[in-house]
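Chains as they are written, first to last, in the numbering used here: chain A, 1 to 150; chain B, 1001 to 1150; chain C, 2001 to 2150. We put the CB at the ideal spot given by N, CA and C, even for glycine.
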Amino acid sequence: MSDATLSVDNPVCAKFVFYAAVVLLKTTLMSLWTSRHRIAKNVHTSPEDYRMTGSKPSVSLDPHVERVRRCHLNDLENVLPFVLIGLLFVLVGPEYSYAVLLFRLFTGSRILHTLVYLNEVPQPARALCFGAGQVVMGLMIWEIFSKTSF
Amino acid sequence: MSDATLSVDNPVCAKFVFYAAVVLLKTTLMSLWTSRHRIAKNVHTSPEDYRMTGSKPSVSLDPHVERVRRCHLNDLENVLPFVLIGLLFVLVGPEYSYAVLLFRLFTGSRILHTLVYLNEVPQPARALCFGAGQVVMGLMIWEIFSKTSF
Amino acid sequence: MSDATLSVDNPVCAKFVFYAAVVLLKTTLMSLWTSRHRIAKNVHTSPEDYRMTGSKPSVSLDPHVERVRRCHLNDLENVLPFVLIGLLFVLVGPEYSYAVLLFRLFTGSRILHTLVYLNEVPQPARALCFGAGQVVMGLMIWEIFSKTSF
Chain A
1 MSDATLSVDN PVCAKFVFYA AVVLLKTTLM SLWTSRHRIA KNVHTSPEDY RMTGSKPSVS
61 LDPHVERVRR CHLNDLENVL PFVLIGLLFV LVGPEYSYAV LLFRLFTGSR ILHTLVYLNE
121 VPQPARALCF GAGQVVMGLM IWEIFSKTSF
Chain B
1001 MSDATLSVDN PVCAKFVFYA AVVLLKTTLM SLWTSRHRIA KNVHTSPEDY RMTGSKPSVS
1061 LDPHVERVRR CHLNDLENVL PFVLIGLLFV LVGPEYSYAV LLFRLFTGSR ILHTLVYLNE
1121 VPQPARALCF GAGQVVMGLM IWEIFSKTSF
Chain C
2001 MSDATLSVDN PVCAKFVFYA AVVLLKTTLM SLWTSRHRIA KNVHTSPEDY RMTGSKPSVS
2061 LDPHVERVRR CHLNDLENVL PFVLIGLLFV LVGPEYSYAV LLFRLFTGSR ILHTLVYLNE
2121 VPQPARALCF GAGQVVMGLM IWEIFSKTSF
């Protein structure tokens, strides 16, 4: 029997659960961050939103709101695949310290990515954070393919 | 050995499988709902779509199509994180009746969210549905962090 | 005890891990493909991207970049739900050859969908690829509901 189960008895899985929760929390918080900017700038998505505030639609796009939205979308494009790839990666039984290193690298790179994006830090800062996450996912997929077959 | 495994032998997991399937079905149906509106309004995304229907692109955006699209995107932003957070939550072994309550609350809030969004029910109805889902995810993440460590 | 566990000891799960990794790899590669087109066409999302290249924002939308972006979004809308539905499907213990057939059909339909979309193959090619994936997910959800309860 493989001991690479999805259970907190499996130390790799226990660590994965923690880091996956961190990046998922970060992703869901982006929704609230967008709402905060929409209210502050009075830029909403639907007519009923304007009816509640009693205001008129002004501009359809605000650069700050759009920035937070792009940052949120980037999380959906990266964090959700990471958690799914991570679950598969835990199942193929990676070496403990290597796995934890990858989980920490990804989590760190995504938190940094958000700080860089929202504060408009000059490029290539954002590209490097994004790239670090992509490399981690590539290494995990490499490990998965090396231990499974079509 | 923890009995908080991902298996239908674990009652919490069995319930999770059902409710996660409900909200994922709801999310994938949004694609078909968008297609239905695109065809009815003849508002497509790509030139080859217009070549098939033999029509010309009229307006690039239609308010009904855009409403369904926003509703679909909102599901991707909320339902996919919920299912992932839910898997992690099952792994940390929550109390059965508490867990089922959270699964039902989330599922109900998302079905209501879609009805409210598509029928343009005045705010704050949509904001409350959205908020209920966020609170459920927050409680699950709280439970995960209380039982794992970095 | 159910033997429908999430473990590579479960043959259905082992196959799922492989095919889920294929479609997730495909999805994450779409990010890099978008970046490649953004750089080639000099169409970026944020002011700091233009500051790095020392160029001015020209048009805000380029048809090639938008096509790759739509293709990427379509993957997020289909591949991520497939992997989640697939995990639940593995847990309800489907018949091995049926399950592997569904995994292969979905994976094939999504690879074809991308080739069709990026090469602007006339409709209904893209609609058929999309539909095949939706049918596979529908069959999986049917199986899940037939073995779980609210």
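Run of the alpha helix (DSSP H) containing residue i, from where it starts to where it stops
{"i": "T1191 of chain B", "result": "Any answer about residue 1191 of chain B is impossible in this case: the structure gives chain B only from 1001 up to 1150."}
{"i": "T53 of chain A", "result": "47-53"}
{"i": "E1143 of chain B", "result": "1125-1146"}
Exposure of residue i, with buried meaning 16 or more beta-carbon neighbours within 10 Å
{"i": "Y2096 of chain C", "result": "exposed"}
{"i": "N1078 of chain B", "result": "buried"}
{"i": "R1110 of chain B", "result": "buried"}
{"i": "T28 of chain A", "result": "buried"}
{"i": "S31 of chain A", "result": "buried"}
{"i": "F2130 of chain C", "result": "buried"}
{"i": "T53 of chain A", "result": "exposed"}
{"i": "Y1019 of chain B", "result": "buried"}
{"i": "L2061 of chain C", "result": "exposed"}
{"i": "I141 of chain A", "result": "buried"}
{"i": "R1126 of chain B", "result": "buried"}
{"i": "I1039 of chain B", "result": "exposed"}
{"i": "L2115 of chain C", "result": "exposed"}
{"i": "L128 of chain A", "result": "exposed"}
Cutoff 8 Å; reference residue i; Cβ partners in own chain excluding five residues on either side
{"i": "L1139 of chain B", "result": "L1102"}
{"i": "R51 of chain A", "result": "none"}
{"i": "R2067 of chain C", "result": "Y2117, L2118, E2120"}
{"i": "L1006 of chain B", "result": "C1013, L1087, V1090, L1091"}
{"i": "V1136 of chain B", "result": "F1082, L1102, L1105, F1106, S1109"}
{"i": "H1044 of chain B", "result": "R1038, Y1050, T1053, P1057"}
{"i": "H1072 of chain B", "result": "T1027, M1030, S1031, W1033, T1034"}
{"i": "A2099 of chain C", "result": "V2012, K2015, F2016, F2089, V2090"}
{"i": "E2143 of chain C", "result": "F2089, V2092, P2094"}
{"i": "L76 of chain A", "result": "T27"}
Residues of its chain near residue i, where Cβ-Cβ distance is below 7 Å and the 5 sequence neighbours each way are ignored
{"i": "A4 of chain A", "result": "N10, V90, L91, V92, G93"}
{"i": "F1016 of chain B", "result": "G1086, V1090, F1103"}
{"i": "S1046 of chain B", "result": "none"}
{"i": "H2064 of chain C", "result": "H2037, K2041"}
{"i": "V950 of chain B", "result": "Nothing about residue 950 of chain B can be reported from this structure: the residues present for chain B run from 1001 to 1150 only."}
Residues near residue i by beta carbon distance below 6 Å, same chain, minus five either side
{"i": "T148 of chain A", "result": "none"}
{"i": "V23 of chain A", "result": "V79, T107, R110"}
{"i": "A132 of chain A", "result": "S109"}
{"i": "W33 of chain A", "result": "V68"}
{"i": "N1042 of chain B", "result": "S1055"}
Chain F contact residues for residue i, given Cβ-Cβ distances below 7 Å
{"i": "R2110 of chain C", "result": "In the structure shown, chain F cannot be found, because the protein chains are A, B and C."}
- Mind pulling the alpha helix (DSSP H) runs of 4 or more residues that sit fully within the region 73-98 of chain A? For the region 73-98 of chain A, not a single whole alpha helix (DSSP H) run of length 4 or above is found.
- Task: Give, in chain order, every residue of the region 1137-1149 of chain B whose Cβ lies closer than 9 Å to some Cβ of chain A.
- Result: M1137, G1138, M1140, I1141, I1144, F1145, K1147, T1148, S1149
- Query: Which residues, in order along the region 1038-1065 of chain B, keep a beta-carbon less than 8 Å from a beta-carbon of chain C?
  - Reply: T1045, S1046, P1047, E1048, D1049, R1051, M1052
- Message: At a CB distance below 9 Å, what residues from the region 2084-2097 of chain C approach chain A? Give them in sequence order.
- Response: L2084, L2087
- Along the region 2070-2081 of chain C, what residues have a CB closer than 8 Å to any CB found in chain B? R2070, L2076, E2077, N2078, L2080, P2081
- With 8 Å as the limit, tell me which residues of the region 1004-1016 of chain B have their beta carbon closer than that to any beta carbon of chain A; keep them in chain order. A1004, T1005, L1006
- Residues, ordered as in the chain, of the region 1025-1038 of chain B that lie near chain A by beta-carbon distance below 7 Å: Cβ contacts with chain A: none found.
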